[in-house]
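The structure appears below as structure tokens.
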């Protein structure tokens, strides 16, 4: 009987111990849950604000600056002398043409700086030359646009006879690019048979430059006209005369 009571008491005590342990475990779990919930609510969730991207300011459209092209000749120009009259006498001056040709294939203007020099006793008068005239040397600056030709007439007078040489020197370059200059050097011989009547007069001798007709040709021409008139009068037949007789 006592053993049964002892066993019953042990079972009851064991049940009480188990129930108290279960109850304690439940309290611990509940406390941990409350602490976790508290921690979770205590932590503030950071709010991320959207960043506003800066708007790009409108930029003005850049205008392309054209690159300046180098001034140069595609085709080389022509600068030469053309003798018109290389014999000087009292009726005619020496005449030389300075010929300049700038082909149309070029896009730049031909600029030439030319000087003409002669020995003493020879006087030069050039068309378009601006300084140094009648002092043995004339000089001038000329421009020839693309696709054009320019001819400069140079009159030469002399106050003494002999053989002389005219010297042409100078420079020419494309447009305003003087660093691309080219040199020119030309010569031409002249023969002076008779001194010019007015060597210091810039006007050409003889005005329009036509040759004077010799007096012999004038006399022969007049005699020929007179002979033709006389022959015509002799050959001409006399007019017919009709006589009418009335009855």
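Residue numbers (our numbering): 6 to 252. Cβ atoms here follow ideal geometry from the backbone N, Cα and C, with glycine treated the same way. These numbers were taken from a predicted model, which means no experiment stands behind them.
Indicate the three-state DSSP secondary structure (helix, strand or coil) for residue 76 in the structure shown.
Numbered from 1 along the chain shown, position 71 holds the residue referred to as residue 76. The answer is coil: DSSP assigns residue 76 none of H, G, I, E or B.
List in chain order: all unbroken alpha helix (DSSP H) runs of 4+ residues lying wholly within the region 159-212.
none
Specify, as a first and last residue, the run of the beta strand (DSSP E) that residue 103 falls within.
By one-based count along the chain shown, residue 103 stands at place 98. Looking at the DSSP string, the run of the beta strand (DSSP E) that includes residue 103 is 99-107.
Starting from residue 148 and walking both ways along the beta strand (DSSP E), at which residues does that stretch end?
Position 143 of the chain shown, counting from 1, holds the residue named residue 148. Looking at the DSSP string, the run of the beta strand (DSSP E) that includes residue 148 is 142-149.
Per DSSP, residue 83 is paired with what?
Along the chain shown, read from residue 1 onward, the residue named residue 83 stands at position 78. DSSP, once it has assigned bridges, lists 106 as partnering residue 83.
Secondary structure at residue 155, three-state DSSP: helix, strand or coil?
Looking up residue 155 in the chain shown gives position 150. Three-state DSSP puts residue 155 in a strand.
Might you give, ordered along the chain, the residues of its own chain that have their beta carbon closer than 8 Å to the beta carbon of residue 235, omitting 5 neighbours on each side?
Locating residue 235 in the chain shown gives position 230, counting from the first residue. Excluding residues within five positions, none has a Cβ falling inside 8 Å.
I'd like to know whether the C-beta atoms of residue 158 and residue 100 end up nearer to each other than 8 Å.
On the chain shown, residue 158 is found 153 positions in, with the first residue counted as 1. On the chain shown, residue 100 is found 95 positions in, with the first residue counted as 1. Contact: yes.
Can you tell me where the beta strand (DSSP E) with residue 131 in it begins and where it stops?
Position 126 of the chain shown holds residue 131. Per DSSP, residue 131 belongs to the beta strand (DSSP E) from 127-131.
Taking DSSP as the reference, what is the three-state secondary structure of residue 24?
Here residue 24 is taken as the residue at index 19 of the chain shown, counted from 1. Reduced to three states, the DSSP call for residue 24 is helix.
I'd like to check one pair, residue 161 with residue 288: are the Cβ atoms closer than 8 Å?
Only positions 6 to 252 of the chain appear in this structure, which leaves residue 288 out of reach.
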